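Since the structure comes first, as structure tokens, the remarks are kept for the end.
Protein chains: 2
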Amino acid sequence: MTDEAFLADYDPSRYPAVAVTVDVVALTIRDGALHVLLVERGEAPFKGRWALPGGFVKVGEENLDQAAARELAEETGLRSPGRVHLEQLATYGDPGRDPRMPVVSVAYLAFGPEMPDPRAGSDASDAAWTPVASLRLSASGAQPPGVTRRLAFDHARILSDGLERARGKLEYTPLATAFLPETFTIPELRAVYECVWDEALHAGNFHRKVLSVPGFVEGTGDTTASGGRKGGPRARLYRAGDARLLHPALLRPATEEDIR
Amino acid sequence: MTDEAFLADYDPSRYPAVAVTVDVVALTIRDGALHVLLVERGEAPFKGRWALPGGFVKVGEENLDQAAARELAEETGLRSPGRVHLEQLATYGDPGRDPRMPVVSVAYLAFGPEMPDPRAGSDASDAAWTPVASLRLSASGAQPPGVTRRLAFDHARILSDGLERARGKLEYTPLATAFLPETFTIPELRAVYECVWDEALHAGNFHRKVLSVPGFVEGTGDTTASGGRKGGPRARLYRAGDARLLHPALLRPATEEDIR
DNA sequence: TATGTTGTACTCATATCGAGAATGACTCAT
DNA sequence: ATGAGTCATTCTCGATATGAGTACAACATA
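In order, the protein sequences belong to chains A and B.
Residues 0 to 259 (numbering that gives the first Met the number 0) are what the first sequence spells out, left to right.
Residues 0 to 259 (numbering that gives the first Met the number 0) are what the second sequence spells out, left to right.
As structure tokens, then:
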């Protein structure tokens, strides 16, 4: 930004009326399916429709990361700042994305282990973890059978961008562990990849790969107390290692359509 | 964002005085070195220091991408919207990042082939392509010998984030071609990777790899008119292919420090 | 013409990947 | 208890990718 431009607008009354908000795409895994945290709007516009949790940034008092963490905790009644990974996703500022006024929204992406049901915050009439598969994310494209909901504002696009980011980050960072509790088994880690990528993975190869990437996981020496629900031996327990990047990366099988 | 929060702030006079700007990290390659487009500030604060080009978003009239493209063209006198790749980088909103008032800046990353010298825009006292290596990007860390400049505001951090993004994108997208003209040779493409990554690459292996990734480049059937400056045969010419992702990726050699 | 440079194509050993199968340890229904 | 089915973990094997080095012909320069 240049100085003259600032001086020309230095008088606050001359600013365009812009609101800056944060919206959070909070993802977790429940019952083997990817879920996103949504709140139900109690007022127009989009009354009764579901939206991403979010709110105004207290500009000058907090930074954007703090605002996102505050919204995630405050508006849904989830405290648990502990093991939640939060990162900036992208910023959306198209004219008309809010019918009432110009709004620039900084979207955040949050990954966390299975969390309790949220309570509705002061602003939302309801809040719930919602299966991503039950949402209509684009006008075109195949939709799952059953109930499909359309999100308020441009939140379908934001969620869609967040999912794409999450899918990509699983390839070259150890963030999949952010969806799991402190200790976990390799098959649980594989389940994270499978439900975020929506692809079945080869159990043996996945096992070999995870153990071969330095710093991805480290063994605890323990095993689960019993076998799985449907049988099978006890599994060894691991915790997240100290790697920030997976090298070599754990590439998802790419299709021609992804590439072109 | 929730409805009640909006209603509470519906009166524009109650908005906090937030300015929304775009800043552009425009990268190109000149004389075998990575350069970034900077403008010299003509007024306080940071008068005489260099900064990223940027300016206010005309909220409600244009979207963020358009604002970034406009700033890149307008403030520097570079029109050339043609072959420039522009993508959103991140958003910066820490309190105090501008000493005068709260400012939220949406940063963009631009890649382009070698471009003419900019002329100073209406706001900047000067504008120039500056070698990235000549800039002091962090307080700590090794600095190159010779002139090092410190950027205004938090622009060193933004540039640093932009460089890291660029380095990563070269691995799994064909964006290196955005630094080159319509047709180019494989050694020219290798030079892009080498100067963005700041690492020497094995010529033979790079050649094999580029040709083996589907859709990365396609041959034109032509060759350069003559050999290189210091000799060597004519090189075959290629143009960018239709791939949006490189599969398998062209991974840069990772060091232990990158990973942990 | 001699010399050095370099684009491109090899070779070869090693690492990684995808697919499948073997081995037990476990759960559950009978 | 017992048998059937499930599944964590480890192997094997062929296909593919990678890193390092060599070969050679085409080119610029002196």
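Each residue gets a CB set at the ideal place from its N, CA and C atoms; glycine is no exception.
Source: prediction; values computed, not measured.
If we call anything under 8 Å between Cβ atoms a contact, is residue i one with residue j?
| i | j | result |
| --- | --- | --- |
| valine 58 of chain A | valine 102 of chain A | no |
| leucine 150 of chain A | leucine 174 of chain A | no |
| arginine 233 of chain A | threonine 222 of chain A | yes |
| arginine 238 of chain B | threonine 184 of chain B | no |
| alanine 109 of chain A | valine 23 of chain A | yes |
| valine 17 of chain A | alanine 25 of chain A | no |
| glutamate 73 of chain B | valine 21 of chain B | no |
| leucine 158 of chain A | leucine 51 of chain A | yes |
| alanine 126 of chain B | alanine 106 of chain B | no |
| alanine 242 of chain A | phenylalanine 215 of chain A | yes |
| proline 117 of chain B | glutamate 198 of chain B | no |
Going by DSSP, name the residue or residues bridged to residue i.
| i | result |
| --- | --- |
| valine 103 of chain B | B/Val19 |
| alanine 109 of chain A | A/Ala25 and A/Leu85 |
| alanine 127 of chain A | A/Leu37 |
| threonine 292 of chain B | Because chain B spans 0 through 259 in this model, residue 292 of chain B falls outside it and cannot be assessed. |
| alanine 239 of chain A | A/Val216 |
| alanine 32 of chain B | B/Arg29 |
| tryptophan 196 of chain B | Paired residues: none, contrary to the question. |
| arginine 148 of chain A | A/Leu134 |
| alanine 50 of chain A | A/Val38 |
| threonine 176 of chain A | Threonine 176 of chain A is not bridged to any residue. |
Show which residues of chain B have a CB atom less than 9 Å away from the CB atom of residue i.
| i | result |
| --- | --- |
| valine 17 of chain A | Tyr14, Val17, Ala18, Val19, Val56, Val58, Gly59 and Val103 |
Can you tell me the Cα-Cα spacing of residue i and residue j, whole angstroms?
| i | j | result |
| --- | --- | --- |
| proline 180 of chain A | proline 112 of chain A | 6 Å |
| glutamine 87 of chain B | glutamine 65 of chain B | 11 Å |
| leucine 244 of chain A | alanine 43 of chain A | 44 Å |
| isoleucine 28 of chain B | valine 131 of chain B | 10 Å |
| alanine 248 of chain A | tyrosine 91 of chain A | 30 Å |
| glycine 161 of chain A | glycine 227 of chain B | 46 Å |
| leucine 63 of chain A | arginine 48 of chain A | 26 Å |
| proline 115 of chain B | leucine 188 of chain B | 20 Å |
| arginine 99 of chain A | leucine 210 of chain A | 52 Å |
| leucine 200 of chain A | valine 191 of chain B | 36 Å |
| histidine 154 of chain B | glycine 54 of chain B | 13 Å |
| threonine 254 of chain A | threonine 172 of chain B | 15 Å |
| threonine 250 of chain B | glutamate 170 of chain B | Here residue 250 of chain B turns out to be leucine, not threonine, going by the sequence shown. Cα to Cα, leucine 250 of chain B sits roughly 5 Å from glutamate 170 of chain B. |
| serine 225 of chain B | glycine 41 of chain B | 46 Å |
| arginine 96 of chain A | glycine 230 of chain B | 57 Å |
| alanine 202 of chain A | alanine 177 of chain B | 39 Å |
| alanine 32 of chain A | valine 38 of chain A | 19 Å |
| glutamate 60 of chain B | proline 186 of chain A | 51 Å |
| glycine 167 of chain B | lysine 168 of chain A | 12 Å |
| phenylalanine 45 of chain A | arginine 156 of chain B | 38 Å |
| alanine 68 of chain A | valine 195 of chain B | 34 Å |
| threonine 129 of chain B | serine 124 of chain A | 53 Å |
| glycine 240 of chain B | valine 212 of chain B | 10 Å |
| histidine 246 of chain A | lysine 208 of chain A | 10 Å |
| proline 30 of chain A | arginine 82 of chain B | The sequence given here places aspartate at residue 30 of chain A; proline does not occur at that position. Roughly 47 Å between the two C-alpha positions. |
| arginine 259 of chain A | phenylalanine 152 of chain A | 29 Å |
| aspartate 93 of chain A | histidine 84 of chain B | 20 Å |
| arginine 148 of chain B | alanine 165 of chain A | 37 Å |
| glutamate 217 of chain A | glutamate 193 of chain B | 35 Å |
| glutamate 163 of chain A | serine 104 of chain B | 24 Å |
If the cut is a Cβ gap below 7 Å, which residues of chain B does residue i touch?
| i | result |
| --- | --- |
| aspartate 93 of chain A | Asn62 |
| histidine 201 of chain A | Simply none; closest approach about 17 Å. |
| threonine 90 of chain A | Leu63, Gln87, Thr90 and Val105 |
List the residues of chain A that residue i touches, going by C-beta distances under 9 Å, in chain order.
| i | result |
| --- | --- |
| alanine 239 of chain B | In chain order: nothing, as chain A lies at least about 13 Å away. |
Residues of chain A with a CB under 8 Å from the CB of residue i: which are they?
| i | result |
| --- | --- |
| proline 247 of chain B | Leu250 |
| alanine 253 of chain B | Leu244 and His246 |
Please list the partners that residue i has in chain B, where partner means a Cβ-to-Cβ separation under 8 Å.
| i | result |
| --- | --- |
| leucine 109 of chain A | This sequence places alanine at residue 109 of chain A; leucine is not what is there. Those within 8 Å of alanine 109 of chain A in chain B number zero; the least Cβ separation is about 16 Å. |
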